[in-house]
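In what follows, a structure is listed as structure tokens, so that the remarks can point back to it.
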Ligand SMILES: Cc1ncc(C[n+]2csc(CCOP(=O)(O)OP(=O)(O)O)c2C)c(N)n1
């Protein structure tokens, strides 16, 4: 078949496939035509078409989470690539492998009053692990090396997003077929992280776990965490996918924190904890603290730069006679946490074979009250993107997941990311539950804003959000209820929006 004669585009397609990439989110443009043609005519990938690059990037992130695989996305030249920024920042801090491909003009056109040109190369450098810039007609061995470097960095021992900027000169359309291109897989091999001496792990210890994504590493973590010695007490937040293995829920820990004594040692893993109070408690701890996980950032705690599963596997084998001494304090001063409609809803969904996405705001805080049972898996963008992209991420997961995907979202978060509903191909495996509580309820709860006279006008206030009409316009079924105990997820062909209102 005829194809682009841009050899670098074809090399990119071939190498992405060799690196195990199977899904690409495509946003339209003319400068990226060679790449789109190489991807679609190679027959090597499932392509997902999303016009808005901000939505496209979060959807790619959601796919990578659901598949436990690197996902790529491609956009045209100009500011399009900047719209990848929020999702790349999230992926950087949550260690999700995604490949951002931006098409560019040749450099002689940059800053020359040409349309849709910006200085694209390295433009995302603060939120990616590796950036490469490839010229049109680049020497094939050099292009091969650069593309390999970027793809290997996405899926290396520290996973994360990378940026491949591809310059293309005119003509951009099909101009003949291409013969074989030079594409050879290069992967760094060797020990993934530092070798660490774990022999010091016999002291009375707490292990706090923030967000961990579903997948192979999580399966190993779950296996080994059930075997760790009794000197370890696990406090796992809901988005860790370990809350069913936690001694108490993260919310119970927080509610009782003033009466909990410090252990000899604290370990922390996963993305940042939701509980600000628990984080402060850890910050103030007089004992030694370690962050566990592959990272190249120096935290204010000591770091054990190994995957959490490696650490747990090692300590699982350590024999100790120390057993935990702090928790007996709790039985004397125990504070229960009150269920709310959202935590009841999450408890109701817990144990179902679903991938549960939870938006920021109060929803992820309410989730901390529930020990979420398997096989439910959970994801929340807890890196840096806040209320941005929660719906796009969940919809991205639903496009590739074999399981039903359920999103619980605040109404302001849902309104913010409304463009996600325009995504093609969202099916009956997607249910979005919007907690309709008249805007950013979190600002009615947190000390910084709860007593401000400006609160309702400048903090909580909802943007326009005619949810029922939007659902109809975008082809979603719609149900409104004030009873979380009556909620059932989508059963039919069409995606479903459930508006959960406050009891009258
Ligand atoms: C991109 C971004 N902008 C602003 C914020 C600040 N912020 C935190 S929570 C929140 C409101 C969330 O409201 P909603 O989604 O309705 O959830 P609720 O608080 O009602 O549970 C905002 C604006 C953020 N987290 N992310």
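Residue numbers (the working numbering): 4 to 507. C-beta atoms are modelled at their ideal positions from N, C-alpha and C, and glycine is treated no differently. Note that the coordinates shown come from a computational prediction; the quantities given were computed from them, not determined experimentally.
Below 8 Å on the Cβ atoms is my contact criterion, and I expect residue i with residue j to pass it. Report the Cβ-Cβ distance as a whole number of Å.
i, j, result
"residue 366", "residue 345", "6 Å"
"residue 256", "residue 238", "5 Å"
"residue 156", "residue 190", "Contact doesn't hold; Cβ gap of about 11 Å is too wide."
"residue 414", "residue 468", "6 Å"
"residue 375", "residue 434", "About 17 Å; that fails the 8 Å criterion."
"residue 217", "residue 391", "Residue 217 to residue 391, Cβ: 22 Å. No contact."
"residue 104", "residue 66", "Actually they are not in contact, since the Cβ atoms of residue 104 and residue 66 sit about 15 Å apart, beyond 8 Å."
"residue 549", "residue 288", "The displayed coordinates of the chain run from 4 to 507. Any statement about residue 549 would go beyond what the structure contains."
"residue 52", "residue 427", "6 Å"
"residue 14", "residue 184", "5 Å"
"residue 386", "residue 92", "7 Å"
"residue 452", "residue 460", "Contact doesn't hold; Cβ gap of about 11 Å is too wide."
"residue 171", "residue 106", "6 Å"
"residue 400", "residue 38", "So it is not a contact: roughly 24 Å between Cβ atoms."
For the beta strand (DSSP E) containing residue i, name the first residue and the last one.
i, result
"residue 107", "101–107"
"residue 58", "Element bounds for residue 58: not the beta strand (DSSP E) but the alpha helix (DSSP H), 56–70."
"residue 133", "133–137"
"residue 212", "208–212"
"residue 170", "165–170"
"residue 78", "74–78"
"residue 416", "First-last for residue 416: 414–419, but that is the alpha helix (DSSP H), not the beta strand (DSSP E)."
"residue 236", "235–239"
"residue 433", "433–439"
"residue 49", "49–52"
"residue 26", "26–29"
When the Cα of residue i is compared with those of the options, which residue comes out closest?
i, options, result
"residue 377", "359, 354, 132 and 494", "354"
"residue 234", "206, 261 and 481", "206"
"residue 474", "309, 191, 499 and 293", "499"
"residue 496", "289, 480 and 413", "480"
"residue 302", "342, 275, 313 and 242", "275"
"residue 246", "349, 47 and 310", "349"
"residue 227", "319, 139, 184 and 56", "319"
"residue 83", "121, 48 and 264", "121"
"residue 505", "171, 486 and 32", "486"
"residue 410", "491, 464 and 466", "491"
"residue 341", "395, 252, 307 and 298", "252"
"residue 267", "96, 279, 124 and 292", "292"
"residue 159", "168, 240, 92 and 73", "73"
"residue 169", "109, 220 and 272", "109"
"residue 45", "8, 57 and 64", "8"
"residue 550", "423, 22, 212 and 441", "The question about residue 550 has no answer here: the residues shown for the chain are numbered 4 through 507."
"residue 1", "436, 316 and 19", "Since the first and last residues shown for the chain are 4 and 507, residue 1 lies out of range."
"residue 440", "429, 418 and 456", "418"
"residue 471", "115, 186, 277 and 424", "424"
"residue 232", "279, 294, 315 and 94", "315"
"residue 112", "126, 282, 81 and 28", "81"
"residue 162", "405, 139 and 297", "297"
Span of the alpha helix (DSSP H) holding residue i?
i, result
"residue 93", "88–97"
"residue 20", "10–21"
"residue 471", "470–477"
"residue 40", "36–45"
"residue 143", "143–157"
"residue 229", "Counting along the chain, residue 229 falls outside any alpha helix (DSSP H), and DSSP gives it neither H nor E."
"residue 450", "450–453"
Counting only beta-carbon separations shorter than 7 Å, does residue i have a partner in chain C?
i, result
"residue 56", "In the structure shown, chain C cannot be found, because there is only a single protein chain."
Query raised in the report: Mind pulling the beta strand (DSSP E) runs of 3 or more residues that sit fully within the stretch 320–405?
Result: Taking 3 residues as the shortest admissible run, the stretch 320–405 contains the following complete beta strand (DSSP E) segments, listed from N- to C-terminal end: 358–361 and 380–382.
query = Of all the beta strand (DSSP E) runs that stay within the bounds of the stretch 474–505, which reach a length of 3 or more residues?
reply = Every beta strand (DSSP E) of 3 residues or more that sits fully in the stretch 474–505 is shown, in chain order, as 480–484 and 499–504.
**Request:** Please go through the stretch 244–327 and give each complete beta strand (DSSP E) segment of 3 or more residues, from N-terminal end onward.
**Result:** You should have 268–272, 291–295 and 305–307.
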